[in-house]
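Heads up: the protein sequence lines correspond to chains X and G, in order. Residue numbers for the first sequence follow the numbering used here, so the first one is 4 and each next one is one higher. Residue numbers for the second sequence follow the numbering used here, so the first one is 4 and each next one is one higher. Heads up, the thing below is written out as structure tokens.
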Amino acid sequence: MEVTINRQDDKTIVVFAGRLDTPSSQEVSNALEPVVADAKGTIILDCKDLEYISSSGLRIFLTVRKAAAAQGGSVIVKGMKDAIRNIFMMTGFLNLFQIEA
Amino acid sequence: MKLKDTVNKVFLKQSARAGLLLVIVAALTLEATGIVQYYFSQKGIKEEATRRAESQLEATKLKIINIIDQAEAAVRNSVWLAQWALEVPDSLYAVSRRIVENNPVIVGSTVALVPGYDKKHPLFSPYCFQAPGETGIHVSSLATEEYNYPEQEWFTKPLELQAGYWSEPYIDVGGGDILMTTYSIPLRDRYGRIAGVLTADISLDWLTDLVGNVQVYPNAYSMMISRSGRIMVCPAESLVMRRTAQEVIADMDDTAAFAGVNRSMIAGERGNATIRYNKDVTHIFYAPVEKTGWSMSIMVPDSEIYGNIRRMGLMVKLLQLLGLLMLILILRALMMNQLKFIDLNERKERIESELHIASGIQMSMIPKIFPPFPERKDLDMSATIVPAKEVGGDLYDFYIRDEKLFFCIGDVSGKGVPASLVMAVTRSLFRTVSAHESSPQRILTTMNDSMAEVNESNMFVTFFVGILDLANGHMRYCNAGHNAPIMLTDAKRPLPVEANLPLGVLKGFNFKEQETDMNYDDAIFLYTDGLTEAENLHHELFGEDRMYNVLSARRPSDGQMTAMKEAVREFVGDAPQSDDLTMLFIHYLPEAEPEETERHLILHNDIQQIPQLAEFVETIADEKKLDQATALNLNLALEEAVTNVIMYAYPEGSDGLVDIEAIIRKDSLEFIISDNGVPFDPTKAPEADVTLGAEERRIGGLGIFLVRKIMDSVSYARNDGKNILSMTKKI
């Protein structure tokens, strides 16, 4: 699992690559701490290379979403593969995020 | 000579009287059992019909509510976005578009503003919809003078109620005559002012299929009406959405009966009613669909429910008459013959043989052709009754229904004609009750209750019922005071049986059911005490040792029967047989084990081992050539279930194991996850509510929700200090 964070002004791009399973969620969650701490701008979660996500991964997405809502920022989930999109739909997460292709 | 004539006359008179008495007793017994049987069957069938109808209503309702909930959740969860977009009204169309795009159940959506809210547009309502049969999303505006949306129900009602509102179903003329309903909720801007409403249209096309396809009985049919009584689904298509139930009822000759049910339905009540209209009796079962105010009903013609049992009752009556007629004929023939047998000894023999014939009629009802299922290779069975001189009351019976072998053996207390009549009753009760019951415990309970009810002679029956599932060897059984059957596996020992009372002793007795598994080549031997208590001239008993001795040799079932009979005959010698000897031998020889392979993985309670699990699942998915999405879902379900164990089963810092067993079958995959940790049933844990918005979402519960959503069945058991979670996915 690889996560890259790219911040420019009020725009943050987080790129996920690989499998976001339970063991890797812990480090991803640590890596995203600064993003959660300062979520005033637009946060783009780029998922085009995300292969897999478990419930602990979904929780990270939810944490970012809640932080942004509390601080007046916005979250866009981008480029999900069909299988990932299906899990989002199954859990009702699709309605919680602004989705872009 | 003269004396002999007188003796003859007296004798004839006496036997005529005895014969008449016999016929009357037989007729009364048969009639009484017939009535009892009919009463219980009818009661059972009524309960069954109610259960079937109610479970269909409930299942259909849940399917509808599921879709309704999805639409409500989608609208609620989009309010934040709409609020945000209110700042720039032109961007509101994107909100509607997103709702339609992301939620397959929603076919249209609009944000309609209160007139005058936006300075630029007096009326404003951009509408996004999915036209039937077309891909892509169309956009139009509802803000036209002729439509005048501020007057529409979907706009006024939620604002008036200050809450979400499901509109009355309506036919959408624009979009190709589809039945639709609209959910709308009031929308406030960030200053708390009412800005308009946010809506979602769902097509109710599926409703016609869903409700129309509910088939409780072949000629039953279903209807659905809205909260105002408008007919939404009905077999007469000309009525759908054109009439209300009230109007249809008003046109009937007799309005009273249906009007009451209709009122209850509109009031949102649940229940059932039996209605007589133009000589037709119909049973109506109805239940409300919450939130929408709709009510669904299932109508079943009376003949559909009771037709079979009435036909059966008639058949039983005919058979009873036939039996009595035969009895009379036999008695008459015997009496004529008796003139030739003045000798009292001979006369005694005559009566005995007469009783034999009577018992022969009863016996003719028991399956006696062996092998009974010549086409089946998985079952080798034989049975025999060797009647004693005096008629007794032994019986056995068996038949196959739904790939299950139903079998029984029983011994009526006492001897003679009464015992053999009770035996006939018992056997016919067994057939009737087991025809629609698959639990030995319930079969015995029902049989016992009806027998105890009319048991004036205080006769009872020791009885054993077994139901062997021929597909997997699983056997459920219940013993009512009979000798424990002998299980012949590698060892030979009596089947463990509960100490239940015999049938007919105590009404309402609670029988305990048991179960066991038969493997390939196992056999079961059932017998009555006529075997172990067969007596020789020295008053010694045949006993269990001699019985086990015969059983220890391997023979086909008919060989076992012959050998056992031969052993008894040799032992008894010239002593008269005092009791019926009844035996049943079932040898289970299923074809090769069901095709399945097993895989095993053992992990430590360390979250870092999850990738090993992924690899394990991946291998199985490859082997079964599953598509990528299914493989990923399977992976997800396994990870969630196993993570649960790793995180919570063992105290922190202690080492424990998680055992994952995969059973790979032709059309399903089963995973059994077990651990030695603290008792925990994840299927009972609270499940995440996926319809909540982001702010109310809790962290927990999502894992088990995903497991349930992905797998077709999930079950938990605690056994030998282990948590065992098994889950199956059909493929």
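Just so it is clear, CB atoms sit at the ideal spot from N, CA and C, and this is done for glycine as well.
Item: Using a Cβ-Cβ cut-off of 8 Å (strictly less than) and excluding sequence neighbours within five positions of Q165 (chain G), which residues of its own chain qualify?; Value: P189
Item: Quick one: what's N482 (chain G) bridged to in DSSP?; Value: G:F467
Item: Is there at least one Cβ from chain X nearer than 8 Å to L639 (chain G)'s Cβ?; Value: yes
Item: Rounding to the nearest angstrom, what Cα-Cα distance links P118 (chain G) and E51 (chain G) in this structure?; Value: 57 Å
Item: Along the region 82-95 of chain X, what residues have a CB closer than 8 Å to any CB found in chain G?; Value: D85, A86, N89, I90, M92, M93, T94, G95
Item: Closest Cβ-Cβ distance between P37 (chain X) and chain G: below 8 Å?; Value: no
Item: Could you pull the DSSP bridge partners for G476 (chain G) from this structure?; Value: Partner(s): none; G476 (chain G) has no beta bridge.
Item: At a Cβ cut of 7 Å, what residues of the region 642-669 of chain G count as close to chain X, listed as they run along the chain?; Value: E642, E643, T646
Item: Can you tell me which of X:S58, X:E103, X:V78 puts its alpha carbon nearest to the alpha carbon of N94 (chain X)?; Value: The sequence shown places Thr at residue 94 (chain X), rather than the Asn named in the question. Residue X:S58 is the option with its Cα nearest to T94 (chain X).
Item: Would you mind listing the alpha helix (DSSP H) stretches within the region 187-220 of chain G that are 4+ residues and don't spill past its ends, in chain order?; Value: 208-215
Item: Would you tell me roughly how many angstroms separate the C-alpha atoms of M4 (chain G) and L23 (chain G), rounded to the nearest one?; Value: Here M4 (chain G) scores only 48 on pLDDT, less than 50, and its place in the model is too uncertain to base an answer on.
Item: Just verifying my parser: in three-state terms, what is the DSSP assignment at Y551 (chain G)?; Value: helix
Item: Given a limit of 9 Å on CB to CB distance, which residues of the region 34-68 of chain X reach chain G?; Value: E54, Y55, I56, S57, S58, S59, L61, R62, L65, T66, R68
Item: Does DSSP put T15 (chain X) in a helix, a strand or coil?; Value: strand
Item: Give a yes or no on whether the C-beta atoms belonging to T2 (chain G) and D414 (chain G) are separated by under 8 Å.; Value: It is not possible to answer for residue 2 (chain G), since the shown part of chain G is limited to 4 through 734.
Item: Could you check the C-alpha separation between F100 (chain X) and I79 (chain X) for me, to the nearest Å?; Value: 6 Å
Item: Straight-line CA distance for L33 (chain G) to N679 (chain G)?; Value: 59 Å
Item: Contact criterion: CB-CB distance below 8 Å. Does I8 (chain X) meet it with respect to chain G?; Value: no
Item: Identify whether M462 (chain G) lies in helix, strand or coil by the three-state DSSP scheme.; Value: coil
Item: In the DSSP assignment, find the alpha helix (DSSP H) that holds Y120 (chain G) and state where it starts and stops.; Value: Looking at the DSSP string, Y120 (chain G) is not in any alpha helix (DSSP H), and its letter there is neither H nor E.
Item: Determine whether the beta carbon atoms of A624 (chain G) and A634 (chain G) lie at a separation below 8 Å.; Value: yes
Item: Beta strand (DSSP E) containing Q517 (chain G): first to last residue?; Value: 517-520
Item: For R10 (chain X), write down the residues that DSSP places opposite it in a beta bridge.; Value: X:T15
Item: Please list, in chain order, the chain A residues whose beta carbon lies closer than 7 Å to that of I610 (chain G).; Value: Of the protein chains in this structure, namely X and G, none is chain A.
Item: DSSP beta-bridge partners for W297 (chain G)?; Value: G:V292
Item: Grouping DSSP H, G and I as helix and E and B as strand, with all else coil, what is M4 (chain G)?; Value: Only weak support exists for where M4 (chain G) lies, its pLDDT of 48 falling under 50; the value from the coordinates is given anyway. Note: M4 (chain G) maps to coil in three-state DSSP.
Item: Kindly indicate if chain X contains any beta-carbon less than 8 Å away from that of A585 (chain G).; Value: Sequence inspection shows Thr at residue 585 (chain G); the Ala mentioned does not correspond to that position. Not closer than 8 Å to any Cβ of chain X, the Cβ of T585 (chain G) fails to qualify, so no.
Item: I want to verify the contact list: residues of chain X whose CB lies under 9 Å from the CB of K712 (chain G), in sequence order.; Value: M93, T94
Item: I want to see whether chain G comes within less than 8 Å of I102 (chain X), judged by CB atoms only; does it?; Value: yes
Item: Hey, is V693 (chain G)'s beta-carbon within less than 8 Å of any beta-carbon in chain X?; Value: yes
Item: What residues of chain X sit near Q631 (chain G), judged by a beta carbon separation below 8 Å?; Value: A86
Item: Leaving out five residues before and five after T295 (chain G) in sequence, what residues of the same chain have Cβ atoms less than 7 Å from its Cβ?; Value: I71, W169
Item: Are the region 193-210 of chain G and the region 96-111 of chain G touching by the rule of at least three beta carbon pairs closer than 8 Å?; Value: yes
Item: Could you give the C-beta distance for V39 (chain G) and L327 (chain G), rounded to a whole number, given that I count them as a contact under 8 Å?; Value: Going by Cβ atoms, the distance from V39 (chain G) to L327 (chain G) rounds to 18 Å, so no, they are not a contact pair.
Item: When burial is assigned at 16 or more other CB atoms within 10 Å of the CB, is L321 (chain G) buried or exposed?; Value: exposed
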